[in-house]
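See below for the structure under consideration.
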Amino acid sequence: MVKMLWGITGTGFLLQESIDLMKDLQENYNIKLTVILSKEGAAVVKWYKKWLTLTEVVEKVKVEKTPNIPFYAGPLQLGKFDFFLCCPVSANTVAKIVHGIADTLITNCVAQAIKGGQTVYIFPSDQDNEPIITSRPDGSPLELKIRDVELKNNRKLKNMEGIEVISEFLEIKRLIIRKIEGNR
19 MVKMLWGITG
29 TGFLLQESID
39 LMKDLQENYN
49 IKLTVILSKE
59 GAAVVKWYKK
69 WLTLTEVVEK
79 VKVEKTPNIP
89 FYAGPLQLGK
99 FDFFLCCPVS
109 ANTVAKIVHG
119 IADTLITNCV
129 AQAIKGGQTV
139 YIFPSDQDNE
149 PIITSRPDGS
159 PLELKIRDVE
169 LKNNRKLKNM
179 EGIEVISEFL
189 EIKRLIIRKI
199 EGNR
């Protein structure tokens, strides 16, 4: 069984698709999934009215109280999880990570996992040169321009030790399946 920790931060980009993938991975692959949310991640999940869906799909969902509560940084450092994915990740969280700021549950877990020699897989929401089409809480489309500072931070993120940036959402499932096959 693959133990996976999945972090969600404050962006609604591909949120429903992420929850759908969680369901698929648990139902069709041997994955024990824990989801952790930053405070803003929880706020966005609730804003998009996905809280019930998420908690029905994933048994273990934990929301940040402090950067160390719930305590996942230590287990990540010690390799207690086979896979640590952060998806979707907001531009704010990317900025914090590239500048070494570890003041939320997710950014602290990223920092501590890397310090422990673990790889962190990150899917940032704002990584295209062109505007992205996301959805509003009511499901209608919303076009968002990606700022130069966000693109610059994503380039920095790609060059950071211990981090693998996932550029396409569809890559996530393939990456996890490869990890599962490698654990057999």
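Numbering (the numbering used here), first residue to last: 19 to 202. Virtual Cβ for every residue (Gly too), placed ideally from N, Cα, C.
Own chain residues within Cβ distance below 8 Å of residue i, not counting five before or after
{"i": "L175", "result": "V112, I115, V116, I140, P142, I181 and V183"}
{"i": "K78", "result": "L51, T52 and V53"}
{"i": "E179", "result": "I132"}
{"i": "I195", "result": "Y47"}
{"i": "I198", "result": "V20, Y47, N48 and I49"}
Whole-number beta carbon distance between residue j and residue i, since they are thought to touch under 8 Å
{"i": "V63", "j": "L51", "result": "That pair is no contact at about 15 Å."}
{"i": "L162", "j": "P149", "result": "6 Å"}
Contacting residues, own chain, Cβ-Cβ under 7 Å from residue i (five flanking each side not counted)
{"i": "K2", "result": "The structure shown has nothing for residue 2, since the chain only spans 19 to 202."}
{"i": "Y66", "result": "G30, L33 and P155"}
{"i": "A61", "result": "G28"}
{"i": "T152", "result": "G30, F31, L160 and L162"}
{"i": "Y90", "result": "L23, I54 and C127"}
Residue i vs residue j beta-carbon contact at 8 Å
{"i": "L94", "j": "L193", "result": "no"}
{"i": "I164", "j": "N177", "result": "no"}
{"i": "K21", "j": "D100", "result": "yes"}
{"i": "V76", "j": "V107", "result": "no"}
{"i": "N48", "j": "N86", "result": "no"}
{"i": "G97", "j": "Q136", "result": "yes"}
Own chain partners of residue i with C-beta closer than 6 Å, once the 5 adjacent residues on each side are dropped
{"i": "I26", "result": "L55 and G59"}
{"i": "A129", "result": "A120"}
{"i": "A131", "result": "L94, F102 and V138"}
{"i": "Q44", "result": "L51"}
{"i": "C105", "result": "S36 and F141"}
{"i": "K57", "result": "E82"}
{"i": "M19", "result": "N48 and K50"}
{"i": "F204", "result": "Because the chain in this structure spans residues 19 to 202, residue 204 falls outside the shown range and cannot be described."}
{"i": "W205", "result": "The displayed coordinates of the chain run from 19 to 202. Any statement about residue 205 would go beyond what the structure contains."}
{"i": "K80", "result": "I54 and P88"}
Minimum Cβ-Cβ distance from residue i to chain C less than 8 Å
{"i": "N46", "result": "No chain C appears in the structure shown, which is made up of a single protein chain."}
Between the stretch 117–125 and the stretch 156–165, do at least 3 Cβ pairs fall closer than 8 Å? no
Length at least 3, wholly inside the stretch 139–189: the beta strand (DSSP E) runs in chain order: 150–153, 159–162 and 181–183
List, from N- to C-terminal side, the alpha helix (DSSP H) runs of 4 residues or more that fit wholly inside the stretch 49–103. 57–65, 69–75 and 91–95
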